[in-house]
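Student:
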Amino acid sequence: MGSTGQQKKKKSSKFIAVLLVLGILLVLSIIFSMKSGYTHLTFHDLLRILLGGGSDKENLVLFTFRMPRIIIAMLVGAGLALSGCIIQGIARNALADPGLLGINAGAGLMVVLFVLLFPTKTALSVFTLPFLALIGAGVAAVLIYLLAYKNLEGLSPLRLILTGVGMQVGISAAMIVLVILLDESQFNFVTVWQAGRIWGASWKFVIALLPWLLVLVPYVFFKARVLDVLGVGEEIAWGLGVSVERERRMLLAAAVALAASCVAVSGNISFVGLIAPHLARRLVGLGHQILLPCCALTGALLVSISDILARTLVQPSEIPTGIVVAVVGAPYFLYLLAKSGR
Amino acid sequence: MKVSTNDAVRSDLFVKKTDRSWRALLVIVVGLCVLVISMAFSLTQGVVQMPLSAAWDALMHFTPGSMQHLIIQDLRLPRVLASALVGAALAVAGAVMQGITQNPMADSGLMGLNAGASFMLSLCFAFVPGLSYSYIILYSFLGASISAGMVYGISSLQRGGATPMRLVLAGIAVSALLAAIGHGIAIYFGVAQDIAFWTAGGVAGTTWQQLRILFPCIVVTLFAAILLSRSISLLSLGEEIAQGLGLRVNSVKFAAALVVLVLAGASVSVVGPVGLVGLIIPHIARYLVGVDYRWIIPSSAVLGSLLLVLADLGARMLNPLHETPIGAIIALIGVPFFLYLARKQRREA
Chain A
1 MGSTGQQKKK
11 KSSKFIAVLL
21 VLGILLVLSI
31 IFSMKSGYTH
41 LTFHDLLRIL
51 LGGGSDKENL
61 VLFTFRMPRI
71 IIAMLVGAGL
81 ALSGCIIQGI
91 ARNALADPGL
101 LGINAGAGLM
111 VVLFVLLFPT
121 KTALSVFTLP
131 FLALIGAGVA
141 AVLIYLLAYK
151 NLEGLSPLRL
161 ILTGVGMQVG
171 ISAAMIVLVI
181 LLDESQFNFV
191 TVWQAGRIWG
201 ASWKFVIALL
211 PWLLVLVPYV
221 FFKARVLDVL
231 GVGEEIAWGL
241 GVSVERERRM
251 LLAAAVALAA
261 SCVAVSGNIS
271 FVGLIAPHLA
281 RRLVGLGHQI
291 LLPCCALTGA
301 LLVSISDILA
311 RTLVQPSEIP
321 TGIVVAVVGA
331 PYFLYLLAKS
341 GR
Chain P
1 MKVSTNDAVR
11 SDLFVKKTDR
21 SWRALLVIVV
31 GLCVLVISMA
41 FSLTQGVVQM
51 PLSAAWDALM
61 HFTPGSMQHL
71 IIQDLRLPRV
81 LASALVGAAL
91 AVAGAVMQGI
101 TQNPMADSGL
111 MGLNAGASFM
121 LSLCFAFVPG
131 LSYSYIILYS
141 FLGASISAGM
151 VYGISSLQRG
161 GATPMRLVLA
171 GIAVSALLAA
181 IGHGIAIYFG
191 VAQDIAFWTA
201 GGVAGTTWQQ
211 LRILFPCIVV
221 TLFAAILLSR
231 SISLLSLGEE
241 IAQGLGLRVN
251 SVKFAAALVV
261 LVLAGASVSV
271 VGPVGLVGLI
281 IPHIARYLVG
291 VDYRWIIPSS
301 AVLGSLLLVL
311 ADLGARMLNP
321 LHETPIGAII
331 ALIGVPFFLY
341 LARKQRREA
C-alpha cells in the first residue's frame with residue numbers, strides 16, 4: 001500500500017523466495033513421508049520404486065497406501081489453512097478458526113448421522129460425504145452468523161467467537177447422544193474420525209476431495225483484493241464500492257465449503273486454520289494476494305509434517321494426525337493469546 | 001457491564017438487604033424441598049420401577065434378601081447422592097469463580113479445569129493401574145490446578161487482564177492440548193476404553209466407597225465457600241474497592257482458588273468432564289436472590305444439586321436400556337443459555 005516501485009520489487013522477490021523455500025520444504029516432507037512408516041524405505045529403494053522397479057509389495061505400500069495419504073494430508077492442510085485465513089479476514093480477528101467456530105463440529109455431526117443411517121460404506125458414499133459435511137457445516141455457520149448478528153452493531157468478533165464456542169459445545173453434546181446408538185464398528189469409526197486421523201487414505205478420496213479444492217481455491221485467490229478491503233474496515237470498504245455484507249457472505253460460504261470438504265476426509269483436525277495464516281502473515285505480510293498462496297503452502301506443510309510424526313512416533317501403533325496438530329497448535333495458540341494486545 | 005453491576009451490587013448490599021434475604025431464604029427452602037422430592041422420585045425410577053413405599057422400606061427397614069432393596073441401597077442411592085453432591089460442587093465452584101474473577105463467563109468446564117482433571121485421570125489409568133480412589137481424587141485436584149493455572153495465567157498476562165473472551169479462548173486451547181495429549185496416551189497404552197467407561201458413565205457407577213471419600217471432601221469445601229462468601233461479595237465489587245474496605249484480597253483469592261480446585265477436581269473424578277453447570281446455576285441464582293454472594297453460594301448449591309439430580313433422572317429415563325451421558329443432557333440445556341449470555345456481551349467486554 002503506497003509503496004514505491006522499488007519496495008514493491010523487493011517485496012515480490014522476497015515473496016518468490018518464501019514460496020520457493022516453502023515449496024522445497026514441502027517436497028522434502030513428501031519424500032521423507034514416502035520413506036517412513038511401518039516398512040521403512042531407503043532413498044535408493046524409493047527412487048527404484050518410483051521408476052517402476054519395485055516389487056508388488058513395495059508398489060502396494062507406496063502407491064496404494066502412502067501416496068494418497070500424503071496427497072490428502074497436503075490438500076487438507078491447504079484447504080483448512082485457506083479457510084482459516086478467510087475467516088480471520090472476515091471476522092477481523094486473528095484468533096478465528098473454522099474449528100473454533102463450530103464449523104468442523106457441524107460437519108462432524110453430519111458424518112455421524114451418515115454413519116448411523118448408511119452403515120455400509122459404498123463407493124457412492126465417499127462422494128456424498130463431502131456434500132453432507134457441507135450441509136452440516138453450512139447449517140452451523142448460518143446459525144452462528146444469525147445468532148452473532150445484531151441489527152445495530154453488525155457482526156462483533158467477540159460474539160462471533162463466543163457463539164461459535166457455544167455451538168461447538170452443543171453439537172458435541174448432540175454427537176455424544178447419537179454415538180450411543182452406534183454399534184461397535186461404527187463407534188470405532190466415529191472415535192477415530194473425531195480424533196482426526198486421515199482415514200480415507202485411498203485414491204477414491206483424493207478424487208472426492210480434489211474437485212472441491214479446484215473450484216474453491218481459485219475463487220478465493222480471485223477474491224484476495226476483496227479480503228484486503230474488508231480488512232481495512234467496513235466504512236472504508238463501503239467507500240471503495242464493495243458491497244460488504246454480500247462479499248462477506250460469499251467468502252464465508254467459500255470458507256465453510258473448504259473446511260467441510262476437508263474435514264469430511266481428514267476428520268476433526270483443528271488449529272491448522274488458526275496457525276497457518278499466522279505463520280504466513282509473519283513470512284509475507286498482510287496483502288492477501290500473496291498471503292493466500294503462502295498460507296496454503298504453510299498449511300500443507302504443517303499437516304504433512306504432523307502426519308509423518310503421527311505415523312512414526314509410536315510404531316507400530318499410530319497416533320491420529322489431529323492429535324499431533326493439536327499438541328503443536330494449542331501451545332502456539334496460547335502464545336498468540338498471551339501476546340495479542342487487547 | 002462492570003459499572004452497572006457494581007452499582008447494582010452496592011445498592012443491593014446496603015439498601016434492600018432485608019427484602020432480598022427473605023426472598024433468598026424462600027428460594028433455598030423451596031429448592032431444598034423440591035430437591036428432596038426429586039431425589040425420592042429418582043430412587044423409584046429406572047429399568048426396574050418401584051413404588052415410593054419400597055424405597056422408604058429399603059432405607060428404613062433394609063432386608064438383605066430383597067432384590068428391590070439391594071437395587072435401591074447399592075445402585076440408586078449412591079448415584080442420587082453423588083449427583084446431588086456433584087451438582088452442588090460444580091455450581092458453587094462456578095459461583096466462586098465468577099465472583100473472584102468478576103467474569104460472567106467463568107465455569108470449571110470453560111476454564112479448562114475439567115480437562116486438566118480428566119487428563120490426570122488418563123495418566124493415572126495409563127501408568128498406575130489399580131490406583132485407589134482417594135489417590136485418583138488427589139491427582140484430579142492436581143490436574144485441575146495445573147490447567148487452571150495455565151488458563152488464568154495465560155489469559156491475564158496482557159494488560160487488558162483476563163477478559164471473558166481471553167478466558168474462554170485460553171480455556172479452549174488448554175482443554176484441546178490436554179485432551180489431545182491425554183487421548184494420545186490413552187491410545188498408546190490401550191486404556192481409552194477404560195477412560196471412556198469411567199467418564200461416560202456419569203454418576204451411574206458410583207459406589208459407597210467413593211461416596212465415603214467424596215462426601216466429607218465436598219461438604220467441608222462447601223462450608224468453606226459459605227464462610228468465604230462475604231469476602232467474595234466484597235471482591236465482586238472490584239479489587240480496589242475491596243482493598244479499600246479492608247479485605248486481604250490475595251489471601252481471599254488464594255482460599256477461593258483452593259475451594260474451586262477441590263470442588264472441580266472431586267466432581268470430575270466422579271462424573272467426568274461435565275460443563276456448563278457452573279455457568280448456568282450462578283446466573284439463575286443471581287437472578288433469583290440478587291448479587292450478594294452470601295445468598296448466591298448456598299442457593300447455587302441447592303439449585304445445582306437439583307439440576308444434576310434431574311439430569312441424572314433424565315439420563316436414565318430418556319432411553320432406559322442405554323445410559324444417556326449426563327454431560328450431554330446438561331449441555332443441551334446449557335448451550336442455549338451460553339448462547340444467550342454470549343449475545344448479551346458488549347463489544348469489547
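First to last, the sequence lines map onto chains A and P.
The UniProt record's numbering applies: residue 1 is where the first sequence begins, and numbers increase by one.
The UniProt record's numbering applies: residue 1 is where the second sequence begins, and numbers increase by one.
No residue lacks a Cβ here, since even glycine has one placed at the ideal position from N, Cα and C.
Would you call the segment 308-324 of chain A and the segment 93-102 of chain A touching, i.e. three or more CB-CB distances under 8 Å?
Tutor: The answer is no - the segment 93-102 of chain A does not touch the segment 308-324 of chain A, with fewer than three Cβ pairs under 8 Å.
Student: Can you look up K14/A in the DSSP assignment and give me helix, strand or coil?
Tutor: Numbered from 1 along the first sequence, position 14 holds the residue referred to as residue 14/A. Note: K14/A maps to helix in three-state DSSP.
Student: I want to see whether chain A comes within less than 8 Å of V335/P, judged by CB atoms only; does it?
Tutor: If you number the second sequence from 1, residue 335/P lands on position 335. Yes, V335/P lies at the interface with chain A (some Cβ there is under 8 Å from its Cβ).
Student: Less than 6 Å between C-beta atoms, sequence neighbours within five positions excluded: which residues of the same chain meet that for D74/P?
Tutor: In the second sequence, residue 74/P corresponds to position 74, counting from 1. Nothing listed; no residue qualifies.
Student: Taking 8 Å as the threshold (beta carbon to beta carbon), is F62/P in contact with chain A?
Tutor: Locating residue 62/P in the second sequence gives position 62, counting from the first residue. Look at F62/P: its C-beta is not under 8 Å from any C-beta on chain A.
Student: Residues in the segment 105-131 of chain P with C-beta within 9 Å of chain A's C-beta atoms, listed in sequence order?
Tutor: M105, G109 and L110
Student: List the residues of chain P that I161/A touches, going by C-beta distances under 9 Å, in chain order.
Tutor: Your numbering for residue 161/A matches position 161 in the first sequence. Here the neighbours are M165, V168, L169 and A342.
Student: Can you give me, in chain order, the residues of the segment 270-297 of chain A that have a beta carbon less than 9 Å from any beta carbon in chain P?
Tutor: S270 and F271
Student: I believe G231/A touches R92/A by the beta-carbon criterion, under 8 Å. Please report the beta-carbon distance rounded to the nearest angstrom.
Tutor: Taking the first residue of the first sequence as position 1, residue 231/A is located at position 231. Taking the first residue of the first sequence as position 1, residue 92/A is located at position 92. The Cβ separation is near 6 Å, so the contact holds.
Student: Nearest chain B C-beta to V244/A closer than 8 Å, yes or no?
Tutor: This model lacks chain B altogether; the protein chains it does include are A and P.
Student: For the candidate residues V29/P, V289/P, D57/P and L258/P, whose alpha-carbon lies nearest to that of I146/P?
Tutor: Taking the first residue of the second sequence as 1, we reach residue 146/P at position 146. Selected option, being the one with the closest Cα: L258/P.
Student: Using Cβ-Cβ distances below 8 Å, what residues of the segment 136-157 of chain P are close to chain A?
Tutor: M150, I154, S155 and L157
Student: Check whether the Cβ of A123/A lies closer than 8 Å to any Cβ atom in chain P.
Tutor: For the purposes of this step, residue 123/A is taken as residue 123 along the first sequence, with counting starting at 1. Note that A123/A scores 49 on pLDDT, short of 50, meaning its location in the model is unreliable and no value can be drawn from it.
Student: Under the rule that 16 or more other beta-carbon atoms within 10 Å means buried, what is P336/P, buried or exposed?
Tutor: Here residue 336/P is taken as the residue at index 336 of the second sequence, counted from 1. With fewer than 16 other Cβ atoms within 10 Å, it is exposed.
Student: Counting only beta-carbon separations shorter than 8 Å, does V76/A have a partner in chain P?
Tutor: Taking the first residue of the first sequence as position 1, residue 76/A is located at position 76. So no, V76/A is outside the interface.
Student: When you compare only the Cα positions, how much space is there between A326/A and G153/P?
Tutor: On the first sequence, residue 326/A is found 326 positions in, with the first residue counted as 1. On the second sequence, residue 153/P is found 153 positions in, with the first residue counted as 1. A straight line joining the alpha-carbon of A326/A with that of G153/P spans about 20 Å.
Student: So which of L258/A, Y332/A and N188/A has the shortest CA-CA distance to L82/A?
Tutor: Taking the first residue of the first sequence as 1, we reach residue 82/A at position 82. Minimum Cα distance to L82/A is reached at L258/A.
Student: So, residue 344/A versus M165/P, is the Cβ gap smaller than 8 Å?
Tutor: The structure shown does not extend to residue 344/A, since chain A is modelled only from 1 to 342, so the question has no answer here.
Student: Taking CB distances under 8 Å as the criterion, tell me whether V174/P reaches chain A.
Tutor: Locating residue 174/P in the second sequence gives position 174, counting from the first residue. Yes, V174/P counts as interfacial toward chain A.
Student: What does the Cβ neighbour count give for A179/P, buried or exposed, with the cut at 16 atoms within 10 Å?
Tutor: Translated into the one-based positions of the second sequence, residue 179/P becomes position 179. Burial call: buried.
Student: Closest by CA to residue 420/P, which one among Q98/P, K344/P, K253/P and V270/P?
Tutor: The structure shown has nothing for residue 420/P, since chain P only spans 1 to 349.
Student: Use the C-beta contact count for V86/P: other C-beta atoms within 10 angstroms, 16 or more gives buried, fewer gives exposed.
Tutor: Looking up residue 86/P in the second sequence gives position 86. Answer is buried; the Cβ neighbour count reaches 16.
Student: Taking the alpha-carbon of A296/A as reference, which of A17/A, G164/A, G23/A and L132/A has the nearest alpha-carbon?
Tutor: As a working mapping, residue 296/A is identified with position 296 in the first sequence. Of A17/A, G164/A, G23/A and L132/A, the residue nearest in Cα terms is G23/A.
Student: Compute the beta-carbon to beta-carbon distance between A93/P and V260/P, rounded to the nearest angstrom, for a pair I have assumed lies under 8 Å.
Tutor: As a first step, residue 93/P must be located in the second sequence, where it is residue number 93. As a first step, residue 260/P must be located in the second sequence, where it is residue number 260. Indeed they touch by this definition, with Cβ atoms about 5 Å apart.
Student: Beta-carbon within less than 7 Å of K223/A's beta-carbon, same chain only, minus the 5 sequence neighbours each way: which residues are those?
Tutor: On the first sequence, position 223 is the one that residue 223/A refers to. Only L251 meet the Cβ criterion.
Student: If Q168/A and G267/A are in contact, beta carbons under 8 Å, what's the gap, nearest whole angstrom?
Tutor: Stepping through the first sequence from its first residue, residue 168/A is reached at position 168. Stepping through the first sequence from its first residue, residue 267/A is reached at position 267. Not a contact, Cβ separation roughly 16 Å.
Student: Is there at least one Cβ from chain A nearer than 8 Å to H283/P's Cβ?
Tutor: As a position in the second sequence, residue 283/P is number 283, starting the count at 1. No - not a single Cβ of chain A is within 8 Å of the one on H283/P.
Student: Check whether chain A comes within 8 Å of T324/P, counting only Cβ atoms and requiring the distance to be less than that.
Tutor: As a working mapping, residue 324/P is identified with position 324 in the second sequence. Interface residue, yes.
Student: Hey, A24/P and W208/P: beta-carbon distance below 8 Å or not?
Tutor: By 1-based counting over the second sequence, the position of residue 24/P is 24. By 1-based counting over the second sequence, the position of residue 208/P is 208. Taking 8 Å as the Cβ cut-off, A24/P and W208/P do not qualify as a contacting pair.
Student: Which residue marks the beginning of the alpha helix (DSSP H) containing R212/P, and which one marks its end?
Tutor: Start at 1 with the first residue of the second sequence, and residue 212/P comes out as number 212. Taken as a continuous stretch (DSSP letters only), the alpha helix (DSSP H) holding R212/P covers W208 to L235.
Student: Could you check where the alpha helix (DSSP H) with G334/P kicks off and where it finishes?
Tutor: Along the second sequence, one-based indexing puts residue 334/P at 334. Here the alpha helix (DSSP H) through G334/P covers I326 to K344.
Student: Counting pairs of beta carbons, one from the segment 169-187 of chain P and one from the segment 212-223 of chain P, are three or more of them closer than 8 Å?
Tutor: no
Student: The alpha helix (DSSP H) spanning D97/A covers which residue range?
Tutor: One-based indexing of the first sequence puts residue 97/A at position 97. No alpha helix (DSSP H) holds D97/A; DSSP gives it neither H nor E.
Student: Only counting runs of 4 or more residues, tell me where the alpha helix (DSSP H) segments fall wholly within the segment 253-324 of chain A, in order along the chain.
Tutor: 272-284 and 288-312
Student: Return the residue from the list W212/A, I176/A and Y335/A that minimises the CA-CA distance to I326/P.
Tutor: Walking along the second sequence from the start, residue 326/P turns up at place 326. With distances taken between Cα atoms, I326/P lies closest to I176/A.
Student: If V168/P sits next to L162/A, beta carbons under 8 Å apart, how far is it from one beta carbon to the other, in whole angstroms?
Tutor: On the second sequence, residue 168/P is found 168 positions in, with the first residue counted as 1. On the first sequence, residue 162/A is found 162 positions in, with the first residue counted as 1. Contact flag correct, Cβ pair sits at about 6 Å.
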